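A.B. asks:
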Amino acid sequence: MHISLPYPRNSPKARYYQNKSLKNDATQQAALNALEEVYQQFREVRFKRKSIKGIYLWGKVGRGKTCLMDLFYASMPPEKILRLHFHHFMASIHHQLASHSGQTNPLKHIAKSISKRCHILCFDELFVSDIGDAMLLGKLLQYLFEFKVTLISTSNIAAENLYEDGLQRERFLPAIQAILDNTQSIHLSGLKDHRERTLHTEQIYFVHTNEKDLNKYLLDKLQLEFSASSLISETILGRDIPCIARNKTSICFEFSSLCEGPRSHLDYIKLANRYKTILLLDVPPLSGKSYEHIKARGTEDGSIGSGLIGEREVVLASMDDATRRFIALIDELYDQKVVLFLSSSSPLEELYIEGSLTFEFERTRSRLIEMASSEYQQLSIATSIDLN
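All residue numbers for the sequence shown refer to my numbering, where the first residue is 4 and numbers rise by one.
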């Protein structure tokens, strides 16, 4: 007997209720209903181009934002939709700007090119901390919406609070306004972190008491051998990064080599594309007190850049730069489903407990919990997407 569903069989709602690994969460229903509505609107217009209001999903880590967006993505014809981690997207935009050098209004050309490739653009983890990204995003989003691209985005932060306390934030306000005007903001306000659900866990985070024995155990586990030379390195984006050991699928780094030098998320994108398993040894305690001061007239432009007089400026703790890189590394490995093992002198719950990055590190801690699950480790590495 055929049972008629109240929604199409491949719609976001159908996929949500048919997925046995998902637990029905009442706090996700508003977002699910909104995604279903966007899906239905695209079914109605089919191949015609029409402006359809997008969705901005935000809330604390582990509330199901990415999962819901991925259900929507899987429901749409692949030729109409493009899904990217936000860092990947911005890296591609910077690359394309270089190739459009000398062209009038290159951002408009880039936006038009993107609009030809997709009707819907899905951003995962929209988070702006880089002033270069902030300056580009306002105009770019306005052009994308002008070309009738629909945005579906996830973030841990309400749109109006993006790039809060960032340098020259007033120049980022057009981007915020474009998001508010062209998307429906939905707060996933659930109290439960779904990444802390019952999972089959394996140990990936080791608190070492005997550093030498532990490091040897981890290297042996992945059939890695110490190099006879201390000069072994991995070349990423033209720079040599010292590593301890490697084979075709796995590589081992000291934390200091991968997170304390001149690294960026671009390095981590390349690294995640290249290896299926990464070992990160000797992660130090990352906490530290930071403090604020108010910018005085004409005295501090050289050290912190131009901005409004009286602007609050956060002075970071000694390990905060390395912590930002560590957060970016975990985001990238998680996004591409790379298996990670770590060793540290501090338990995970004590790794970062004080400082200006506690909000950002909450996501990192949650992701490390999921990365320890056998469910995560059985997933294949996600396909790298290139916008060019």
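Cβ atoms here follow ideal geometry from the backbone N, Cα and C, with glycine treated the same way.
Nothing here was measured: the structure is a model prediction, and the numbers come from that model.
With a Cβ-Cβ cutoff of 8 Å, do F344 and L221 count as a contact?
C.D. replies: yes
A.B. asks: In this structure, how does DSSP classify E363 when only helix, strand and coil are distinguished?
C.D. replies: DSSP places E363 within a helical segment (H, G or I) once states are collapsed to three.
A.B. asks: Ends of the beta strand (DSSP E) at F150?
C.D. replies: F150 -> no beta strand (DSSP E), and no H or E assigned at all.
A.B. asks: Kindly indicate which residue of L371, D338, E173 and E365 has the alpha-carbon position closest to the one of D73.
C.D. replies: D338
A.B. asks: According to the Cβ coordinates, are D323 and G358 closer than 8 Å?
C.D. replies: yes
A.B. asks: I'd like the span of the beta strand (DSSP E) that includes F126, first residue to last.
C.D. replies: I123 to D127
A.B. asks: What is the DSSP secondary structure of H90, counted as helix, strand or coil?
C.D. replies: helix
A.B. asks: Where I254 and V286 are concerned, what is the direct C-alpha to C-alpha distance, given to the nearest angstrom?
C.D. replies: Approximately 16 Å, taken between the alpha carbons.
A.B. asks: Sorted by chain position, which residues of the same chain lie with C-beta nearer than 6 Å to Q21's C-beta, five sequence neighbours on each side aside?
C.D. replies: none
A.B. asks: What are the boundary residues of the beta strand (DSSP E) that includes S236?
C.D. replies: S236 to I239
A.B. asks: Of the residues L351, E373, R174 and K63, which one's Cα is nearest the Cα of V210?
C.D. replies: L351
A.B. asks: With H, G and I counted as helix, E and B as strand and the rest as coil, what does DSSP make of R249?
C.D. replies: strand
A.B. asks: Distance check for S377 and L371, CA to CA, integer angstroms please.
C.D. replies: Straight across, the Cα-Cα distance linking L371 with S377 is about 12 Å.
A.B. asks: Under three-state DSSP, which class holds G313?
C.D. replies: With a pLDDT of 49 at G313, under the threshold of 50, the modelled position of that residue is not reliable, and no figure is offered here.
A.B. asks: Hey, N159 and V64 are a contact pair by Cβ (cut 8 Å); roughly how many whole angstroms apart?
C.D. replies: 6 Å
A.B. asks: For G141 and A101, which I take to be in contact (beta-carbon distance under 8 Å), what is that distance rounded to the nearest angstrom?
C.D. replies: The Cβ separation is near 20 Å, so there is no contact.
A.B. asks: For the putative contact between I189 and I58, defined by C-beta atoms under 8 Å, what is the C-beta separation to the nearest angstrom?
C.D. replies: 6 Å
A.B. asks: Just to confirm the assignment: which complete alpha helix (DSSP H) runs, minimum length 4, are found wholly within the stretch 47 to 119?
C.D. replies: Contiguous alpha helix (DSSP H) elements confined to the stretch 47 to 119 occur at 68 to 78 and 89 to 102, taking only those with 4 or more residues.
A.B. asks: Taking the alpha carbon of R174 as the reference point, which residue from D136, L191, Q99 and L269 has its own alpha carbon closest?
C.D. replies: D136
A.B. asks: Which partner residues of R242 appear in the DSSP bridge assignment?
C.D. replies: I239
A.B. asks: On a Cα-Cα basis, can you pick out the residue from I155, T186, A17 and I134 that is closest to Y166?
C.D. replies: Per the Cα distances, I134.
A.B. asks: Between which two residues does the beta strand (DSSP E) holding Q180 run?
C.D. replies: Note, Q180: premise wrong, no beta strand (DSSP E); alpha helix (DSSP H) at L176 to N185.
A.B. asks: Return helix, strand or coil for S259, following the three-state DSSP convention.
C.D. replies: helix
A.B. asks: Give every residue of the same chain whose Cβ lies closer than 8 Å to the Cβ of Q187, excluding the five residues on either side of it in the sequence, and list them in chain order.
C.D. replies: Closer than 8 Å at the Cβ level, and outside the excluded window around Q187, lie A37, K56, G57, I58 and Y59.
A.B. asks: Could you tell me which residues DSSP puts in a beta bridge with H190?
C.D. replies: H190 is bridged to W61.
A.B. asks: Look up R300 in the DSSP assignment and say whether it is helix, strand or coil.
C.D. replies: Summary for R300: the model assigns pLDDT 44, below 50, so the residue's position carries little reliability; its value from the coordinates is reported in the next sentence. Note: R300 maps to coil in three-state DSSP.
A.B. asks: CA-CA distance, F258 and E353?
C.D. replies: The straight-line gap from Cα to Cα measures roughly 17 Å.
A.B. asks: So, is R242 buried or exposed, given that buried needs 16 or more other C-beta atoms within 10 angstroms?
C.D. replies: exposed
A.B. asks: Please classify G62 as buried or exposed, where buried requires at least 16 neighbouring CB atoms within 10 angstroms.
C.D. replies: buried
A.B. asks: Can you name the residues that DSSP bridges to V41?
C.D. replies: According to DSSP, V41 bridges with nothing at all.
A.B. asks: Just to confirm, is the Cβ distance from Y271 to L332 under 8 Å?
C.D. replies: yes
A.B. asks: Would the beta-carbon of Y76 fall within 8 Å of that of R86?
C.D. replies: yes
A.B. asks: How far does the beta strand (DSSP E) with T280 in it reach, from first residue to last?
C.D. replies: From DSSP, the beta strand (DSSP E) with T280 extends over T280 to V286.
A.B. asks: Just how far apart, CA to CA, sit Q43 and L147?
C.D. replies: Straight-line Cα distance between these residues: approximately 21 Å.
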